[in-house]
Amino acid sequence: MKKLLSWIIAAIAIFSFALSTPALAGDAAAGASIFSANCAACHAGGKNLVNPQKTLSKADLDKYGMNSLEAIVAQVTKGKAAMPSFLGKLNETQIEDVATYVLEQAEKGW
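All letters in the sequence shown, in the order written, are residues -25 to -1, 1 to 85 by mature numbering (1 follows the signal peptide of the UniProt record, and there is no 0).
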C-alpha cells in the first residue's frame, strides 16, 4: 500500500511540473520602463502603429510565431522590416527584460 501511495504522489508531482507554465527569465518590472522609453512610441498599449495587423496581442504573437521569449529577444535584437535593431542601444539583460514584459502583458490582454 505504501508503494502504491508513493507512486501516486510521484505521478502527481511529475504531472504538476510538466503542466506548469514556465517562468519567464527576465524582470518584467524593469522591462516595463525599458518598453516605455524605447517601444511605446510604436507599440503603446500593445498596438502597432506602423503595421496595425501585427500587434503585441497574444493572438497576434501566436499567429506570427512571436510567442516565446527567444523569438521576441531575436526580433528586438536584430529588428525586422520597419522595426529597428536595438543591438547596441539595449544590452542583453534589458532586451530579455522587455521581452518578458511583452509576453506578460500579452497574457494579461494589455
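Positions of the beta carbon are idealized from the N, C-alpha and C atoms, including for glycine.
Whole-number beta carbon distance between Gly6 and Val51, since they are thought to touch under 8 Å
By a beta-carbon distance limit of 8 Å, Val51 does not contact Gly6. Their separation comes to about 10 Å.
Can you say whether Ala81 is buried or exposed, counting buried as having 16 or more other CB atoms within 10 angstroms of its CB?
buried
Selected residue, minimal CA-CA separation from Ala49, among Glu79, Trp85, Gly84 and Gln69
Gln69
Buried or exposed for Leu65, going by 16 or more other Cβ atoms inside 10 Å?
buried
Hey, how far is the Cα of Ala46 from the Cα of Ile(-14)?
Cα to Cα, Ala46 sits roughly 32 Å from Ile(-14).
Can you check DSSP and say which residues form a bridge with Leu62?
Leu65
Nearest to Leu44 by alpha carbon, out of Trp85, Val77, Ala4 and Ser8?
Of the listed residues, the one whose Cα sits closest to Leu44 is Val77.
For Lys55, does the three-state DSSP call read helix, strand or coil?
strand
Beta carbon of Trp85, beta carbon of Gly21: below 8 Å?
Closer than 8 Å, so yes.
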